[in-house]
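Residue numbers (my numbering): 12 to 523.
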């Protein structure tokens, strides 16, 4: 094959791969599981964890720093407040959390993309939080607002990504105190999927709510969840004023928060799974309780981020068995509280999208899917322990998320799924390649990977001996080149831009 023919063949194959990776129309707005849950912790074990969490809450307590209002709320609710330490009578938090919904809808500006949080449902969202980005050409570098927009565009086009996410990378080229405007607007403008809000300051949470009111209408926001935001506990057993301020802002506006103990076993929690779970349950219940003190019935999600710690280097590790044990039991505990659960993702400590990245991500992703996560942050793009958003790994992870969608559909016991006509037609000693059932189903019978190369060695070699990361890089380029922004009401867009401009002009730039 000539060099030009090889290039043409690669371009055609890349275009077909990109077409399978992207979705210009809504296919499946979220997953509704049709497979049983994998529950690794016994009833006796769950009762021990819950009893120990109650002991932590009653005897040790939780620190609530830099927020006098929250301390007063707890005192009025019957908790024992001593300085910034709050101790909780047994049963207080469980009673408070009964007002939180067990399932709720997060509305997207395109109603066809609304997602259901909780129950049997699973929502995939992109990576969250990295200050760096990486691609094959540019290597590892600080993220920019252009990178931020690119990841939103990729997430919008990728069918297995149901949610636009939040801080898909940190745009460090913008002032710290103003970048949230551009970030939230990018989610609103370059995607029509649900999104997350800013939590780095209570005022930034208020700005997010105001922008949501422009996009959806003030009355609609008052009565519906249109934004979800990540509130991290400052483990061990502490919640700080910044997170509490953002939590209260969103809860008062009826917008959902994910209260997540940020756990690295051996550093912010004990090295044992049972100890980690008891502490995390106590922290999460205390944080979620604040939302119900502020506004009973405000939507809240029980979050859990679990990683083990390398006892040799002190670095977080991923894809190991211990976090799987933690996540499975935490999902069971969330279901016992009748609350949606957030955890998991395609997590790894690898520096590039290599075999380590693939193994660790798979060992993080699959158990989380099977154990019953409802909202999965970090579903695609995570690299280097969460320090890097990777373009190529984003595409490689999306391919795996597509496989998880197929797995969650479970078994097809329809007449077509039973395939008895095919078995009768073929009979003993023949093959099924040419039978009518195969012909009718060949396009949809099996998941077709966007990344894997299943051709012969000779064909792979003739097409350039490309690695998976090379194929992913080509798909990124093809998807971004073909991106078309979803339509938005011009008046709403103008109002958003006017709001942002006025707010930015009202105070000076700052890097804090």
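Glycine is no exception: its CB is placed at the ideal position from the N, C-alpha and C atoms. Model, not experiment: these values are computed from the prediction.
Under a Cβ-count criterion, where at least 16 other Cβ atoms within 10 Å of its own Cβ denotes burial, should residue i be classed as buried or exposed?
| i | result |
| --- | --- |
| residue 86 | exposed |
| residue 458 | exposed |
| residue 322 | exposed |
| residue 166 | buried |
| residue 423 | exposed |
| residue 46 | exposed |
| residue 453 | exposed |
| residue 487 | buried |
| residue 123 | exposed |
| residue 169 | buried |
| residue 204 | buried |
| residue 470 | exposed |
| residue 35 | The predicted position of residue 35 is uncertain, since its pLDDT is 38 and thus under 50; no value can be drawn from it. |
| residue 518 | exposed |
| residue 78 | buried |
Measure the beta-carbon distance from residue i to residue j and round it to whole angstroms, keeping in mind my assumption that it falls under 8 Å.
| i | j | result |
| --- | --- | --- |
| residue 484 | residue 158 | Actually they do not touch by this definition, with Cβ atoms about 15 Å apart. |
| residue 262 | residue 306 | 5 Å |
| residue 218 | residue 191 | 6 Å |
| residue 337 | residue 379 | The pair is not a contact, with the Cβ atoms about 11 Å apart (cut-off 8 Å). |
| residue 357 | residue 411 | 7 Å |
| residue 353 | residue 386 | 4 Å |
| residue 209 | residue 194 | 7 Å |
| residue 97 | residue 56 | No, residue 97 and residue 56 are not in contact; Cβ-Cβ is about 27 Å, not under 8 Å. |
| residue 74 | residue 49 | Not quite, the Cβ-Cβ distance comes to about 35 Å (not below 8 Å), so this is no contact. |
| residue 186 | residue 256 | The Cβ separation is near 20 Å, so there is no contact. |
| residue 377 | residue 172 | Actually they do not touch by this definition, with Cβ atoms about 17 Å apart. |
| residue 275 | residue 332 | About 16 Å separates the two Cβ atoms, so there is no contact after all. |
| residue 390 | residue 227 | The pair is not a contact, with the Cβ atoms about 25 Å apart (cut-off 8 Å). |
| residue 201 | residue 163 | 5 Å |
| residue 178 | residue 139 | 5 Å |
| residue 393 | residue 359 | 7 Å |
| residue 277 | residue 319 | 7 Å |
| residue 68 | residue 89 | Actually they do not touch by this definition, with Cβ atoms about 13 Å apart. |
| residue 260 | residue 118 | The Cβ separation is near 19 Å, so there is no contact. |
| residue 222 | residue 298 | Incorrect: roughly 25 Å between the Cβ atoms, too far for contact. |
| residue 247 | residue 296 | So it is not a contact: roughly 15 Å between Cβ atoms. |
| residue 113 | residue 349 | 4 Å |
Which one or two residues does DSSP pair with residue i in a beta bridge?
| i | result |
| --- | --- |
| residue 129 | 114 |
| residue 314 | 353 |
| residue 241 | 269 |
| residue 401 | 145 |
| residue 249 | 74 |
| residue 153 | 143 |
| residue 206 | 238 |
| residue 462 | Its beta-bridge partners do not exist; DSSP assigns none. |
| residue 394 | 399 |
| residue 320 | 327 |
| residue 280 | 276 |
| residue 43 | 132 |
| residue 386 | 134, 353 |
Could you tell me the boundaries of the alpha helix (DSSP H) in which residue i lies?
| i | result |
| --- | --- |
| residue 219 | 213-227 |
| residue 55 | 54-66 |
| residue 105 | 103-108 |
| residue 166 | 156-168 |
| residue 473 | 468-473 |
| residue 87 | 79-88 |
| residue 512 | 501-516 |
| residue 378 | 366-382 |
| residue 438 | Unbroken run through residue 438: none, as it is neither H nor E. |
| residue 451 | 447-452 |
| residue 488 | 479-493 |
| residue 299 | 284-305 |
| residue 190 | 190-201 |
| residue 426 | 426-429 |
| residue 181 | No alpha helix (DSSP H) holds residue 181; DSSP gives it neither H nor E. |
| residue 335 | 332-347 |
How about residue i: is its Cβ closer than 7 Å to a heavy atom in the ligand GTP?
| i | result |
| --- | --- |
| residue 89 | Here there are no bound small molecules, and the ligand GTP is not part of this structure. |
At what residues does the beta strand (DSSP E) containing residue i begin and finish?
| i | result |
| --- | --- |
| residue 92 | 91-93 |
| residue 74 | 73-75 |
| residue 97 | 96-98 |
If we cut at 8 Å on Cβ distances, does residue i have a partner in chain D?
| i | result |
| --- | --- |
| residue 472 | Of the protein chains in the structure, only one exists, and it is not chain D. |
Touching by the beta-carbon criterion (3+ pairs, under 8 Å), the stretch 359-376 and the stretch 106-124: Taking one beta carbon from each stretch, the stretch 359-376 and the stretch 106-124 have fewer than 3 pairs nearer than 8 Å; the two do not touch.
Segment contact, 8 Å Cβ cut-off, at least three pairs: the stretch 242-249 with the stretch 268-280: Enough Cβ pairs lie closer than 8 Å, so yes.
The stretch 125-133 contacting the stretch 496-514, beta-carbon criterion three pairs below 8 Å: The answer is no - the stretch 496-514 does not touch the stretch 125-133, with fewer than three Cβ pairs under 8 Å.
Inter-stretch contact at 8 Å, needing at least 3 Cβ pairs: the stretch 138-152 / the stretch 394-406: Flag = yes, the stretch 138-152 and the stretch 394-406 touch.
Meets three-Cβ-pair contact criterion under 8 Å: the stretch 291-309 and the stretch 59-66: Judged by Cβ distances under 8 Å, the stretch 291-309 makes contact with the stretch 59-66, as three or more pairs qualify.
Segment contact flag, the stretch 443-452 with the stretch 427-434, C-beta cutoff 8 Å, min 3 pairs: The stretch 443-452 vs the stretch 427-434: in contact.
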